[in-house]
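Using the UniProt record's numbering, the first residue of the sequence shown is number 1, and each one after it goes up by one. For glycine and all other residues, C-beta sits at the position ideal for the given N, C-alpha and C. What you are looking at is a predicted structure, and each value in this text was computed from that prediction instead of being measured.
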Amino acid sequence: MTITYRLGDSLYVNMTNRCSNRCDFCIRNYGDGIGGSGDLWLDREPTVDETVQDILKNVSGCKELVFCGYGEPLMRLDDVIAVIKAVKPKIGIPVRINTNGQADLIHGRQTAKELAGLVDTVSISLNAPNAKEYEALCHSDYGEKAFDAILKYAADCKKYIPNVVFSVVDVMDKEDIEKCRKIAEDIGVIFRVREMIK
Ligand code: SF4
Numbered sequence: 001m002t003i004t005y006r007l008g009d010s011l012y013v014n015m016t017n018r019c020s021n022r023c024d025f026c027i028r029n030y031g032d033g034i035g036g037s038g039d040l041w042l043d044r045e046p047t048v049d050e051t052v053q054d055i056l057k058n059v060s061g062c063k064e065l066v067f068c069g070y071g072e073p074l075m076r077l078d079d080v081i082a083v084i085k086a087v088k089p090k091i092g093i094p095v096r097i098n099t100n101g102q103a104d105l106i107h108g109r110q111t112a113k114e115l116a117g118l119v120d121t122v123s124i125s126l127n128a129p130n131a132k133e134y135e136a137l138c139h140s141d142y143g144e145k146a147f148d149a150i151l152k153y154a155a156d157c158k159k160y161i162p163n164v165v166f167s168v169v170d171v172m173d174k175e176d177i178e179k180c181r182k183i184a185e186d187i188g189v190i191f192r193v194r195e196m197i198k
């Protein structure tokens with residue numbers, strides 16, 4: 001079971017394969033892992049303690065800890081928080097969460113404040129400039145209402161997290177990328193165009 005894997009200077013944490021989306025571009029449609037990660041499909045989800053031990057064993061020399069998964073990490077919000085609380089005082093490096101931004105819909109409550117003081121960066125995949133296009137591309141369990149919830153989540157995160165990023169993949173057409181940039185600017189979060197990984 002691959003709980004953590006290294007990409008560049010970062011240690012990535014894989015706590016779940018579950019996700020509330022089924023994105024057309026998801027890397028999981030194309031393989032079993034990323035770079036030299038090994039197989040990221042989990043037979044079962046690792047416990048909090050297993051994840052903590054794996055991070056502490058492998059984090060040496062890393063400059064950032066990233067909860068990413070081969071799935072949506074905040075499906076396990078409470079467990080992710082428990083892991084960060086256990087490791088953060090020991091590792092001395094920033095913590096990032098890569099998320100689809102649907103945690104509030106998944107858990108039925110406003111969750112951003114629960115990450116305050118624990119997470120340095122929340123990177124949210126925006127991926128489309130409006131609800132219709134988002135749903136056509138990402139097929140959320142929550143349908144078109146996912147999009148507005150993501151915008152609200154980003155605005156909420158801005159109150160509690162030092163760095164909040166909206167990201168899009170570089171295969172989007174230029175006009176849509178600029179619309180997404182404007183959405184990020186209006187909310188006041190960082191905008192990043194990331195390379196699509198296949
Ligand atoms: S949100 Fe991420 S993990 Fe989930 S389907 Fe989309 S790309 Fe894959």
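ALA184 versus ARG18, VAL13, SER167, residue with shortest Cα-Cα distance:
SER167
Confirm the yes/no value for this check: CB of PHE147, any heavy atom of ligand 1, distance under 8 Å.
no
Would the C-beta of ARG22 count as close to ligand 1, meaning under 8 Å from any of its heavy atoms?
yes
Go ahead and pull the three-state DSSP assignment for ILE106.
helix
Would you tell me roughly how many angstroms separate the C-alpha atoms of GLN102 and PRO73, rounded to the nearest one?
11 Å
I need the straight-line Cα distance from ARG28 to GLY188, nearest angstrom please.
31 Å
For ligand 1, I want to know if ASN14 counts as a neighbour, meaning its beta carbon is within less than 8 Å of at least one of the ligand's heavy atoms.
no
In its own chain, which residues sit with a C-beta less than 7 Å from the C-beta of GLY38, not counting the 5 before and 5 after it?
THR2, TYR5
Quick check: is any heavy atom of ligand 3 less than 8 Å from the C-beta of LYS145?
Absent from the structure shown: ligand 3. Ligands present: ligand 1.
What is the C-beta distance between SER140 and ARG96, in whole angstroms, given that I count them as a contact (C-beta under 8 Å)?
The Cβ separation is near 22 Å, so there is no contact.
Is it the case that the CB of PHE67 approaches a heavy atom of ligand 1 more closely than 8 Å?
no
DSSP state of LEU65 mapped onto helix, strand, coil
strand
Mind listing, in chain order, the continuous beta strand (DSSP E) runs of no fewer than 3 residues lying wholly within the segment 79-158?
95-99, 121-125
What would DSSP say about THR51, mapped onto helix, strand or coil?
helix
Do GLU64 and ILE93 count as a contact pair if the criterion is CB distance below 9 Å?
yes
So, at 8 Å on beta carbons, what are the nonlocal neighbours of ILE190 in its own chain, with the 5 sequence-adjacent residues on each side left out?
ASN163, VAL164, VAL165, PHE166, ALA184
Would you please state the rounded distance, in angstroms, between the beta carbons of ASN58 and LEU40? I believe it to be under 8 Å.
No, ASN58 and LEU40 are not in contact; Cβ-Cβ is about 15 Å, not under 8 Å.
Should the segment 44-54 be regarded as contacting the segment 79-91, the criterion being three or more beta carbon pairs within less than 8 Å?
yes
According to DSSP, simplified to helix, strand and coil, what is ARG44?
coil
Distance, GLU175 Cα to ASP186 Cα:
17 Å
Given ALA131, which residues of its chain have a CB within under 8 Å of its CB, disregarding the five upstream and five downstream residues?
GLU144, LYS145, ALA146, PHE147, ASP148
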